[in-house]
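Participant: Could you have a look at this structure, given as structure tokens, before my questions?
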Amino acid sequence: METDIHSEDTALIGERQAAARALMARPLLTERAHSAEFSLVRSHAEWLAQRFHRVLGYRLTVADDHARLVKRGPGAPAPLARSTGAPFTPRTHTYLALVLAVLVEDTGPIGVRALAVRLREAAREAGIDADPGRGLGERRAYCAALELLVELGALAETEGSIGDHRADATADARLLPHTRVARSVAVHLPRAGDDPDSFLAAASVSDPDGDNQGELLLRRLLAETAVVYREDLPDRQRDRLSAHQWRAAAALSNLLGCDVEVRAEGVALILPDEVVAGLPSDDPVGQVALSLIRHLSGRLHPGRPVTSVTVPDRELDAALEAFCGADAPERAEWARTAGPEIPDPERLRGRALTLLADLGLLRGGPGRWRLTAAAARYGAEADDRVPRIQDNDHDSRTQPSRTSGSGQEDGTPESPIDPRGDLNRVASVLQAVANEKVSATSGDPGDRNGDG
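Residue numbers are given in this note's numbering: position 363 of the sequence shown equals residue 952, and the series is strictly consecutive.
Listed below in structure tokens is the structure:
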């Protein structure tokens, strides 16, 4: 039976795009920890390296046992966290850096306690006060750093476990370092003359002068951010987005196999397998976050086409009490299943809000939360268990008090609308879109301005 050549091409493109999405989600893939994804990346290494460099200016290195995508720009990784979900403290980051400093040398198999001794010596040479044997808190931070490296594939537990040492200082788990992988964990090392401010500033340029670099940074922002809102961009980048959004969308679609939504309030990439999304989720935090965002969308109606709407504190508190309070019916259901740990109501509330803030669906903080337009993608269905806080319109739904991007912030009356001016702006936008579509289809969209 003959295979259709077009089917082969489709399958080949699908594999390459799936490998690209895997690298975007996990820039460090190892043969031991992510065997299926690494095999796919290794099969298409040349194509991936060329495309990542051309479209995003990223460098891809593929070795025998790991692949490392070196990112620059706005693609800040998610904060590191322990297995419990608690974020890494500065102390844990210190131990992670010290462990990596020791493991870059070819140490061979080593015990947890012997590694702690070498780490203490490295800390003394660097003038850092760190000792894993000082107490339980220090030992926990040390073990959290080791467990992250096991998850990344830079370490392997060959006898016993790191958790045993965390619980008992005398337990001595045996570890096998994978040196080449350990050397690839940190890829942007500070130079001798860098201070913290200059080091961070070099990685956070948001409005470059050159058009080529500006468009490259714009593509990175679209690829790394769930939703790019126009009002968040500097003026030059906002103009570049309007002028080049279709070309950028085509280039990213070819690389990642994603759909691109271009709307008045911004641009969003929709990945087919949602490898970087935090919702939906089966754990209690994800379920509470999803219920909360759907309820708030049903009550507050984000987008029209504003970027965000204010979330009244009482509305938020009432919803969280209904979804994760001590008397919430869901808590009994979670307790009956053999699922993950069920955080106490206050911690569950905080983690759900953090998840939504990390995804860009909520902005601000306590007393100033705003619901973004992207939240409506997950549904808009007000939960009847949550009492209505306001009742001031014809269908008894809460109305937003103020919207971002829809009027003057100081409460003064808006100036009269000029229909002629609006028509002129619409005509200009339509002309720019028409020109851009022509240029986007005239050649490979990834070939222009992409040499990084």
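Ideal Cβ positions, reconstructed from N, Cα and C, are used throughout, including at glycine.
Using only the alpha-carbon positions, how far apart do L805 and D973 sit?
Facilitator: Within the sequence shown, residue 805 is the residue found at index 216, counting from 1. Within the sequence shown, residue 973 is the residue found at index 384, counting from 1. The alpha-carbon atoms of L805 and D973 are separated by roughly 46 Å.
Participant: What's the C-alpha gap between C913 and R938?
Facilitator: Here residue 913 refers to the residue found at position 324 when the sequence shown is read from its first residue. Here residue 938 refers to the residue found at position 349 when the sequence shown is read from its first residue. Their backbone Cα atoms lie some 7 Å apart in a straight line.
Participant: Closest to E922 by CA distance: which of L960, Q876 and R959 is it?
Facilitator: For the purposes of this step, residue 922 is taken as the residue at position 333 of the sequence shown. E922 has its Cα closest to that of Q876, out of L960, Q876 and R959.
Participant: Measuring only the C-alpha atoms, how far is A963 from L945?
Facilitator: Within the sequence shown, the letter at position 374 stands for residue 963. Within the sequence shown, the letter at position 356 stands for residue 945. When rounded, the distance between both Cα atoms is 11 Å.
Participant: Pairing CB atoms from the segment 697 to 710 with CB atoms from the segment 647 to 660, are three or more of them under 8 Å?
Facilitator: No, the segment 697 to 710 does not touch the segment 647 to 660.
Participant: Taking contact to mean at least 3 C-beta pairs separated by less than 8 Å, is the segment 898 to 916 in contact with the segment 830 to 839?
Facilitator: The segment 898 to 916 is not in contact with the segment 830 to 839.
Participant: How is the alpha helix (DSSP H) around G887 delimited, first residue to last?
Facilitator: Counting from 1 along the sequence shown, the entry for residue 887 is found at position 298. Where G887 is concerned, the enclosing alpha helix (DSSP H) stretches over P873 to L889.
Participant: Taking just the CA atoms, how far does L860 sit from A1057?
Facilitator: Absent from the model: residue 1057. The displayed extent of the chain is 590 to 1041, so no value can be given.
Participant: Which residues mark the beginning and the end of the beta strand (DSSP E) in which Y818 is found?
Facilitator: Residue numbering aside, residue 818 sits at position 229 when the sequence shown is read from its first letter. Residues V816 to Y818.
Participant: Taking all protein chains shown into account, decide if H754 is buried (16 or more other Cβ within 10 angstroms of its Cβ) or exposed.
Facilitator: The count along the sequence shown starts at 1 and reaches residue 754 at position 165. Flag for H754 reads buried.
Participant: Buried or exposed: which applies to L725, given that a residue is buried once 16 or more other Cβ atoms fall within 10 Å of its Cβ?
Facilitator: Here residue 725 is taken as the residue at index 136 of the sequence shown, counted from 1. So L725 counts as exposed.
Participant: In angstroms with no decimal places, state the Cα-to-Cα distance between L764 and A638.
Facilitator: In the sequence shown, the residue the question calls residue 764 occupies position 175. In the sequence shown, the residue the question calls residue 638 occupies position 49. Between L764 and A638, the C-alpha separation is close to 32 Å.
Participant: Measure how close the beta-carbons of G749 and A622 come, nearest whole angstrom, since I'm counting them as under 8 Å.
Facilitator: Taking the first residue of the sequence shown as 1, we reach residue 749 at position 160. Taking the first residue of the sequence shown as 1, we reach residue 622 at position 33. With a Cβ gap of about 19 Å, G749 and A622 do not count as contacting.
Participant: Determine the direct distance from the alpha carbon of R780 to that of I699, and round the result to whole angstroms.
Facilitator: Position 110 of the sequence shown, counting from 1, holds the residue named residue 699. Position 191 of the sequence shown, counting from 1, holds the residue named residue 780. Approximately 30 Å between the Cα atoms of the pair.
Participant: Between Y967 and I882, which are expected to be in contact by the criterion C-beta below 8 Å, what is the C-beta distance as a whole number of angstroms?
Facilitator: The residue you call residue 967 lines up with position 378 of the sequence shown. The residue you call residue 882 lines up with position 293 of the sequence shown. Right, the Cβ-Cβ distance comes to about 5 Å (below 8 Å), so this counts as a contact.
Participant: On the DSSP bridge list, what partners appear for R966?
Facilitator: Position 377 of the sequence shown, counted from the first residue, corresponds to residue 966. R966 pairs with nothing; no bridge assigned.
Participant: With DSSP run on the structure shown, which of helix, strand or coil describes I931?
Facilitator: Within the sequence shown, numbered from 1, the residue matching residue 931 stands at position 342. If DSSP states are grouped into helix, strand and coil, I931 belongs with coil.
Participant: Using 8 Å as the threshold, is the C-beta distance between A775 and L689 below it?
Facilitator: Taking the first residue of the sequence shown as position 1, residue 775 is located at position 186. Taking the first residue of the sequence shown as position 1, residue 689 is located at position 100. Yes; because the gap between Cβ atoms is below 8 Å, this pair is in contact.
Participant: Taking just the CA atoms, how far does A832 sit from R671?
Facilitator: As a position in the sequence shown, residue 671 is number 82, starting the count at 1. As a position in the sequence shown, residue 832 is number 243, starting the count at 1. Rounded to the nearest angstrom, the two C-alpha atoms are 43 Å apart.
Participant: Let's see if you can read the secondary structure: which residues bound the beta strand (DSSP E) around H655?
Facilitator: What you label residue 655 is simply residue 66 of the sequence shown in a count that begins at 1. Unbroken beta strand (DSSP E) run through H655: H655 to V659.
Participant: Check each candidate in F641, A878, A969 and L889 and name the one with the smallest Cα separation from R936.
Facilitator: Position 347 of the sequence shown, counted from the start, is the residue given in the question as residue 936. The residue with the shortest Cα to Cα distance from R936 is A878.
Participant: Going by DSSP in three states, T678 sits in which element: helix, strand or coil?
Facilitator: For the purposes of this step, residue 678 is identified with residue 89 of the sequence shown, where counting begins at 1. Three-state result, T678: coil.
Participant: Skipping 5 residues on each side, what residues in its chain have a beta carbon closer than 7 Å to that of V1015?
Facilitator: Stepping through the sequence shown from its first residue, residue 1015 is reached at position 426. Low confidence applies here, because V1015 scores a pLDDT of 47, under 50, leaving its location unreliable; read the following figure in that light. Closer than 7 Å at Cβ, skipping near neighbours: no residue.
Participant: Measure the alpha-carbon distance for L778 versus G956 and round it to whole angstroms.
Facilitator: Translated into positions along the sequence shown, residue 778 becomes position 189. Translated into positions along the sequence shown, residue 956 becomes position 367. Between L778 and G956, the C-alpha separation is close to 38 Å.
Participant: Taking the alpha helix (DSSP H) that R729 falls in, what are its first and last residues?
Facilitator: Locating residue 729 in the sequence shown gives position 140, where the first residue counts as 1. First-last of the alpha helix (DSSP H) with R729: L725 to L741.
Participant: Output the boundary residues of the beta strand (DSSP E) element that contains P1060.
Facilitator: The structure shown does not extend to residue 1060, since the chain is modelled only from 590 to 1041, so the question has no answer here.
Participant: Of the residues G722, A734 and G662, which one's Cα is nearest the Cα of T683?
Facilitator: Looking up residue 683 in the sequence shown gives position 94. Residue A734 is the option with its Cα nearest to T683.
Participant: Using the C-alpha atoms, what's the distance from Y647 back to T678?
Facilitator: Along the sequence shown, read from residue 1 onward, the residue named residue 678 stands at position 89. Along the sequence shown, read from residue 1 onward, the residue named residue 647 stands at position 58. Using only the alpha carbons, I get a separation of about 29 Å.
Participant: With the cut-off set at 8 Å, would you say A771 and A815 are in Cβ contact?
Facilitator: On the sequence shown, position 182 is the one that residue 771 refers to. On the sequence shown, position 226 is the one that residue 815 refers to. It is not a contact, given that the beta carbons lie outside the stated cut-off.
Participant: Buried or exposed: which applies to R903, given that a residue is buried once 16 or more other Cβ atoms fall within 10 Å of its Cβ?
Facilitator: Here residue 903 is taken as the residue at index 314 of the sequence shown, counted from 1. Classification of R903: exposed, given that the 10 Å Cβ count is below 16.
Participant: I'd like to know whether the C-beta atoms of D798 and Q826 end up nearer to each other than 8 Å.
Facilitator: By 1-based counting over the sequence shown, the position of residue 798 is 209. By 1-based counting over the sequence shown, the position of residue 826 is 237. Against a cut-off of 8 Å, the Cβ pair of Q826 and D798 comes out as no contact.
Participant: For the alpha helix (DSSP H) containing A838, list its first residue and its last residue.
Facilitator: To locate residue 838, count along the sequence shown from 1; it is residue 249. Counting along the chain, the alpha helix (DSSP H) containing A838 begins and ends at D824 to L845.
Participant: I668: buried (16+ other C-beta within 10 angstroms of its C-beta) or exposed?
Facilitator: By one-based count along the sequence shown, residue 668 stands at place 79. For the record, residue 668 in the displayed sequence is Pro; it is not Ile. So P668 ends up on the exposed side.
Participant: What does the alpha-carbon distance come out to for the pair D828 and L601?
Facilitator: If you number the sequence shown from 1, residue 828 lands on position 239. If you number the sequence shown from 1, residue 601 lands on position 12. Going from the Cα of D828 to the Cα of L601 covers about 36 Å.
Participant: Specify, as a first and last residue, the run of the beta strand (DSSP E) that G914 falls within.
Facilitator: The residue given as residue 914 occupies position 325 in the sequence shown. From DSSP, G914 is part of no beta strand (DSSP E); its letter is neither H nor E.
Participant: Run through DSSP, which three-state label would S897 get?
Facilitator: Counting from one through the sequence shown, the residue named residue 897 turns up at place 308. Strand at S897.
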